[in-house]
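J.: Numbering-wise (my numbering), the sequence shown opens with residue 169 and increments by one. Virtual Cβ for every residue (Gly too), placed ideally from N, Cα, C.
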Amino acid sequence: MKWRFCSEEAETERYVVCNADEGEPGTFKDRVLLNSYAHQVFEGMTLCASIIKAEQGFLYLRGEYLHLVEKLQDILEQRRDSGLLGNNILDQGLNFDIEIRLGCGAYICDEESALIESLEGKRGIPRNRPPYPVSQGYLGKPIVVNNVETFFAASKIAAQGGQWFADVGTKQSQGTKILSISGDCTKPGIYEYPFGTRIEQVLQDCGATDVLGIQVGGPSGTFIGLDELQRTLAFEDLATGGSFIIFNQSRSILDIVKNFTHFFAHESCGFCTPCRVGTSLLKKTAG
Ligand SMILES: Cc1cc2nc3c(=O)[nH]c(=O)nc-3n(C[C@H](O)[C@H](O)[C@H](O)COP(=O)(O)O)c2cc1C
């Protein structure tokens, strides 16, 4: 929908951004995708550019992923040499290139409008909507911002077809979701599941026993206990960006709350009063 809305804008100077600022505690899937599948991610961005008619793309990369920059620059260079980026891509008349921009470690810059502010060289604070970024985003021009996983999936969909993707998952949540699984389990790591998968299945696969609860979607997400293991990964149930942190019975729920409260107080950008003041009050209460 974003690609369609952006392509329908009257303004023809348009931009593509890959949100690789991955700052939600417990998520590391984008780092793995960029480390192992960067070609596919750049392919997805180029497909988006060809559809929305953009000439410039940005990979907004988390500052802590500095170690990936050289490798990613090499891959961009290879793609330019192969005629997959630059002027007149594959003789199809498309001009598009990708620049890497580094974030500076602010959680709020993962939010797309704050990210755009940061791209423009300003302090990262969220913008009010409307206008939405697809109509007025970077430098006031239409922009599509998508996550690394989305561009990766787009490249696979282009090759295998929409039906192939839609055949997996549930009616409301089609396709798959990549999870970053960490915490108290014997096999942490990256897992890809069809939407609709039950939490108990995930716990079984990653070797989690003696579970106290799971933080699905990172501190901004949902904490579920043992009586909710039948719930599913899906937009209609447990929506998640991919962070999946498992806590066993040796953990104190109060310590978890304290940790998350400190995180939000530290990362509040300070723009809105309920968050600026509220997170500090919560931190004082949690101790
Ligand atoms: C506080 C906050 C943190 C966010 N963190 C991320 C993030 O780490 N990565 C990301 O891609 N999107 C993040 N988002 C969502 C982005 O604003 C944006 O919706 C997303 O990049 C769009 O990608 P998609 O449509 O491909 O899912 C965050 C949003 C908020 C409000």
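Could you tell me whether any non-hydrogen atom of ligand 1 is closer than 7 Å to the CB of Asn-315?
T.: To locate residue 315, count along the sequence shown from 1; it is residue 147. Flag set: Cβ of Asn-315 near ligand 1.
J.: On the three-state DSSP scale, how would you describe Asn-314?
T.: In the sequence shown, residue 314 corresponds to position 146, counting from 1. Correct three-state label for Asn-314: strand.
J.: In three-state terms, what does DSSP make of Leu-450?
T.: Your numbering for residue 450 matches position 282 in the sequence shown. Leu-450 falls in the helix class under three-state DSSP.
J.: Looking only at DSSP bridge pairs, what is Ala-402 linked to?
T.: On the sequence shown, position 234 is the one that residue 402 refers to. According to DSSP, which records beta bridges pairwise, Ala-402 is partnered with nothing at all.
J.: Any chance you could list the alpha helix (DSSP H) runs of at least 4 consecutive residues sitting entirely within the region 237-321, in chain order?
T.: Segments of the alpha helix (DSSP H) lying fully in the region 237-321: 237-249 and 280-287.
J.: Beta carbon of Glu-280: closer than 7 Å to some heavy atom of ligand 1?
T.: By 1-based counting over the sequence shown, the position of residue 280 is 112. Checking every heavy atom of ligand 1 against the Cβ of Glu-280, one is found closer than 7 Å.
J.: Would you mind listing the alpha helix (DSSP H) stretches within the region 317-361 that are 4+ residues and don't spill past its ends, in chain order?
T.: Those alpha helix (DSSP H) runs which fall completely within the region 317-361 and span 4+ residues are 330-334.
J.: By the three-class DSSP mapping on this structure, what secondary structure does Ala-433 have?
T.: Position 265 of the sequence shown holds residue 433. Helix, per DSSP.
J.: Can you tell which of Leu-270, Val-313 and Pro-301 has the C-alpha that lies nearest to the C-alpha of Gly-289?
T.: As a working note, residue 289 is residue 121 in the sequence shown. Of Leu-270, Val-313 and Pro-301, the residue nearest in Cα terms is Leu-270.
J.: Would you decide whether Met-169 is buried or exposed? Buried here means 16 or more other CB atoms lie within 10 Å of its CB.
T.: As a first step, residue 169 is located in the sequence shown; it is residue number 1 there, counting from the start. It counts as exposed.
J.: When you compare each of Ala-274, Gly-330, Thr-377 and Thr-354 to Phe-431 by their alpha carbons, which one comes out closest?
T.: Numbered from 1 along the sequence shown, position 263 holds the residue referred to as residue 431. The shortest Cα separation from Phe-431 among Ala-274, Gly-330, Thr-377 and Thr-354 belongs to Ala-274.
J.: On the DSSP letters alone, give me the boundaries of the alpha helix (DSSP H) that Ser-204 sits inside.
T.: Along the sequence shown, read from residue 1 onward, the residue named residue 204 stands at position 36. Element bounds for Ser-204: 197-204.
J.: Just the C-alpha distance for Glu-267 and Leu-307, rounded to the nearest angstrom, thanks.
T.: Stepping through the sequence shown from its first residue, residue 267 is reached at position 99. Stepping through the sequence shown from its first residue, residue 307 is reached at position 139. Those two C-alpha atoms are separated by around 16 Å.
J.: Near Ile-413, which residues of its chain fall below 6 Å by C-beta distance, leaving aside the five closest residues on each side in sequence?
T.: On the sequence shown, position 245 is the one that residue 413 refers to. Hits under 6 Å: Gly-194, Ser-350, Gly-351 and Gln-383.
J.: Starting from Gln-224, trace the beta strand (DSSP E) in both directions and tell me its first and last residue.
T.: Along the sequence shown, read from residue 1 onward, the residue named residue 224 stands at position 56. Here the beta strand (DSSP E) through Gln-224 covers 224-229.
J.: With a threshold of 7 Å, establish whether the CB of Glu-190 neighbours any heavy atom of ligand 1.
T.: For the purposes of this step, residue 190 is taken as the residue at position 22 of the sequence shown. Yes, the Cβ of Glu-190 comes within 7 Å of a heavy atom of ligand 1.
J.: Give the range of the alpha helix (DSSP H) segment to which Ser-411 is assigned.
T.: Within the sequence shown, residue 411 is the residue found at index 243, counting from 1. Taken as a continuous stretch (DSSP letters only), Ser-411 belongs to no alpha helix (DSSP H), being part of the beta strand (DSSP E) at 411-416.
J.: Taking the straight line between their C-alpha atoms, what separation do you get for Cys-463 and Leu-236?
T.: Since the displayed the chain opens at 169 and closes at 455, residue 463 lies outside it and no answer follows.
J.: Rounded to whole angstroms, what's the CA-CA distance from Glu-176 to Lys-221? Just pull it up for me.
T.: Looking up residue 176 in the sequence shown gives position 8. Looking up residue 221 in the sequence shown gives position 53. Looking at the two C-alpha atoms, the distance is approximately 10 Å.
J.: From which residue to which residue does the alpha helix (DSSP H) around Phe-439 run?
T.: In the sequence shown, residue 439 corresponds to position 271, counting from 1. Per DSSP, Phe-439 belongs to no alpha helix (DSSP H) and is neither H nor E.
J.: Output yes or no for whether 8 Å exceeds the beta carbon distance between Glu-181 and Lys-309.
T.: One-based indexing of the sequence shown puts residue 181 at position 13. One-based indexing of the sequence shown puts residue 309 at position 141. It is a contact, given that the beta carbons lie within the stated cut-off.
J.: At the level of alpha carbons, what is the spacing between Glu-245 and Cys-186?
T.: Here residue 245 refers to the residue found at position 77 of the sequence shown. Here residue 186 refers to the residue found at position 18 of the sequence shown. Spanning the two alpha carbons is a distance of roughly 18 Å.
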